Amino acid sequence: MPASDPWWQHTVVYQIYPRSFADADGDGIGDLVGVIAKLDYLAELGVETLWLSPFYASPQADFGYDISDYRAVAPEYGDMDACDRLIAEAHRRGLRVVLDLVLNHTSDQHPWFIESRSSRDNPKRDWYVWRDGARPGGGVPPNNWFNMIGSRGWHYDRATDQWYWSQFLPFQPDLNYRNPEVRAEMLATIRFWMAKGADGFRLDIVNALFEDAEFRDNPFAWKLLPSAEDPGMLFRGTENTLNHPDTLAFMRELRRVVDDFAGGDRFMVGEVIATADEARAFCGDAGDGLHLIFLFESLGVPLTAPAVRALIERYETLFAAPLLPTWVFGNHDRRRRIARLDGSLEKAKLNAAWQLTARGVPFLYNGEEIGIEQHHLPVRTSLDAVVDRFRSWPQPLFDLVCRLAGESLNRDECRTPMQWSDEPNAGFCPRGVAPWLPVTPSYRERNVATQQLDPDSLWHCYRRFLAARRQCAALNAGALELLPASDLPATVVGYVRRAAPGAEPRAVIVLLNCGDAATDVNLPARATPWVSTRARLPEVGADRVRLRPWEGLVLTLGETGVPDLR
Ligand code: GLC
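Numbering-wise, the numbering used here comes out as the position in the sequence shown, counting from 1, plus 333.
Below, the structure written as C-alpha cells:
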C-alpha cells in the first residue's frame, strides 16, 4: 500500500546523462563508476533523487534509448556490479534512484526483433507491430501514420514483405502492447529493477504505447509545425497513434504493479508529449495512473512576470492538489534553458529560484547548476539521431522549422560533458583523451570547482534554494497562493507558500523580480528575508523590501524569525 505522505511528492530530481557526467575509466565516455565518484557532490549540492538516462545494453544509435537488453548494462558504462554499487551508495547517502524505462520500443538489434523479422510465423513476430502494405511490394505503407517526429513511421521489410511501425527512429521498432506476452515481459522488467532497489522510473514517450487497433488513418489537423507539447504537424493529427485510451488504461496496470511492490513507495514519471491538459489524463482519475507527468510548457516560457504568473496559474488549475505539477527547464533532448535566457547567469539564478519554490516536483538537468551553455556544434550526422532522421528533409526547410519551433537542430548541443573544473576537458575525462563531445568553451568560468569558491555563483544559489526547500515544509509541500499582480510592481511575481499547521516556518513569501531594474515591493505582512539568489540578503524596511535586478527572494512570514540554512 502506498504511504499517505510519500517521499516523491517532496523531492527534487536531478537528471544524470551518464555518457556526459563523469568518465572514470578514461575512454572519453561517462560511466557508472564516474557517477559513483560524484555522489558526494550530488549530496552536497542538495538534490534528493537521481534520474539516470538509460545505461542498458544498446547499440547506442540513439544513445541508449535503443535497448538491446533491458536487464544488462552497456559495457561502456560498466557492469551490473557497478550498477548495484551505485544504487547502494546512493541509498547510503539518502539519495533515491530513478531509472529510465523505454517501454515503447527496442533497438532493431534486440534479439526479440531479430527473431521477429526473421519470418512471418516466428513466435516473436507478434511482439512488434507488423502490417501488410496498402499494396504488395513495399511501394505503399499500410496507412498515413507519421511518427512522433514528422516522418513516415512505417518501414518496409523486404524479407517478409510487411511493414513495421516505429514511433521514433527507424531503428527503434515499436513493441506490440496488444500482445499479453509483451506486457507481461515489460512488467517483469519493472519488478526486476524494483527488486534491485530502483526507487522509481522515468517512462520514455509513454503516450505512444498503443495505436489504433484497426489502423485507421490519422485525420487532418490545422497544424503545420510541431511544438514541444504537440507533435501533430504537416496538417496531420495524432489521434490514432498517441494518447490512445488503451494506453491510459495500461497506466493503471503499471500503477498497480508499482504500488503492489514491497512497501508501495516507488513512483513513476511519464514523458508524455502532449499539452498539459492531455498529459493530466495520464495521472488517472483517482490517483490510479502515473504519479507525475513531465510538463514541457515551461521549456520555452519567457522569464517575464506575466508569463511566469500565467504558467503558475495554469499548472495550479490543471494540477490542483492532490495532483502535483512538475517543473522542467531542460533535458538531454531540449535546448538548454540558459540559451533562452541570453546566457545570463543572473537570469538563470532567478529561474532556479522560481523552479525550486513553486509547488510541484522540480527536475534539474545536469550542468544547469553551473550554467553550462548550449554548445553550437556542427551537425554530426553519424551520431546525432535527430539529425539522422531529418536528413530526409531539405536542409534549409529543416533549419527554418527548427527556428520557428524554437528548438535546436542538434541534440549534441545540450549533451556536452559536465564541467567539473578548469582543467583540460573540464575534469570530465583525463587530459589527452578526447571526450565523446567537446566541452563548451566557457568551461573555464562555468565549472563546479570555480563556482564553489564564489558564494555569489549560480552553484551556490542552487545550493541555498535546495537547502531551503528541503528543510521547509511550506516550500516542499505547502499550498501556493499567487499575490495579485495589481499589488506588485510590473516586473515582480509573488506567491505565498503555506504548510499545514505545525510546520515551522508555517508560511513563506516568494518574490521574483523579472526585470533589470531594482524595484520596491510592499510586503503584505511582517516578513524576514531568508534566502536570495544573491549571497547577501537585501535590507528590509517595516513593510517594504527593495529587490535588486533579477533577484529572487524567499522571506519567512510572521514573528518566528528565520531558520538557519542547513
Ligand atoms: C525520448 C528521449 C529521447 C529519445 C526518444 C526515443 O524523447 O528523451 O532522447 O531519443 O524518447 O526513445
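Think of the CB as a built atom: it goes at the ideal place given N, C-alpha and C, for glycine as much as any other residue.
Quantities reported herein were computed from a predicted structural model and do not represent experimental measurements.
Sub-9 Å separation of residue i and residue j beta-carbons
i, j, result
"residue 462", "residue 544", "yes"
"residue 508", "residue 428", "no"
"residue 397", "residue 425", "no"
"residue 466", "residue 473", "yes"
"residue 654", "residue 630", "no"
"residue 798", "residue 689", "yes"
"residue 772", "residue 759", "yes"
"residue 581", "residue 617", "yes"
"residue 800", "residue 830", "no"
"residue 889", "residue 836", "no"
"residue 551", "residue 573", "yes"
"residue 449", "residue 394", "no"
"residue 536", "residue 430", "no"
"residue 669", "residue 379", "no"
"residue 494", "residue 382", "no"
"residue 579", "residue 546", "yes"
"residue 895", "residue 834", "no"
"residue 368", "residue 385", "yes"
"residue 341", "residue 793", "no"
"residue 638", "residue 824", "yes"
"residue 390", "residue 370", "no"
"residue 534", "residue 584", "no"
Cβ-based burial, residue i [other Cβ within 10 Å; buried from 16]
i, result
"residue 404", "exposed"
"residue 452", "exposed"
"residue 388", "buried"
"residue 413", "exposed"
"residue 460", "buried"
"residue 897", "exposed"
"residue 855", "exposed"
"residue 348", "buried"
"residue 479", "buried"
"residue 880", "buried"
"residue 650", "exposed"
"residue 769", "buried"
"residue 364", "buried"
"residue 779", "buried"
"residue 646", "exposed"
"residue 714", "Any reading at residue 714 must be qualified, since the residue scores a pLDDT of 40, below 50, and its modelled position is unreliable; the value itself is stated next. Exposed, since its Cβ has fewer than 16 Cβ neighbours within 10 Å."
"residue 717", "Residue confidence for residue 717 is low, a pLDDT of 43 falling below 50, so the modelled location carries little weight; the figure read from the coordinates is stated next. Buried: at least 16 other Cβ atoms inside 10 Å."
"residue 696", "buried"
"residue 446", "buried"
"residue 524", "exposed"
"residue 456", "exposed"
"residue 652", "buried"
"residue 568", "exposed"
"residue 899", "exposed"
"residue 725", "In this prediction, residue 725 scores a pLDDT of 43, lower than 50, which makes its location untrustworthy; the coordinate-derived value is nonetheless stated afterwards. When all chains shown are included, residue 725 counts as exposed."
"residue 709", "exposed"
"residue 469", "exposed"
"residue 765", "exposed"
"residue 559", "buried"
Heavy atom of the ligand NAD within 8 Å of residue i beta-carbon
i, result
"residue 537", "As presented, the structure is devoid of the ligand NAD, carrying the ligand GLC as its sole ligands."
Which residues DSSP lists as bridging residue i, in chain order
i, result
"residue 626", "603"
"residue 846", "825"
"residue 496", "464, 489"
"residue 347", "383, 697"
"residue 855", "877"
"residue 831", "812, 840"
"residue 364", "Paired residue(s): none; residue 364 is not in a bridge."
"residue 659", "694"
"residue 479", "485"
"residue 885", "845"
"residue 569", "553, 566"
"residue 861", "889"
"residue 507", "438"
"residue 473", "468"
"residue 390", "402"
- What residue ranges within the segment 517 to 545 form continuous alpha helix (DSSP H) runs of no fewer than 4 residues, ordered along the chain? none
- Fully enclosed by the segment 402 to 432, which alpha helix (DSSP H) runs are 4 residues long or longer? 413 to 425
- Task: Any chance you could list the alpha helix (DSSP H) runs of at least 4 consecutive residues sitting entirely within the segment 757 to 808, in chain order?
- Result: 781 to 785, 791 to 804
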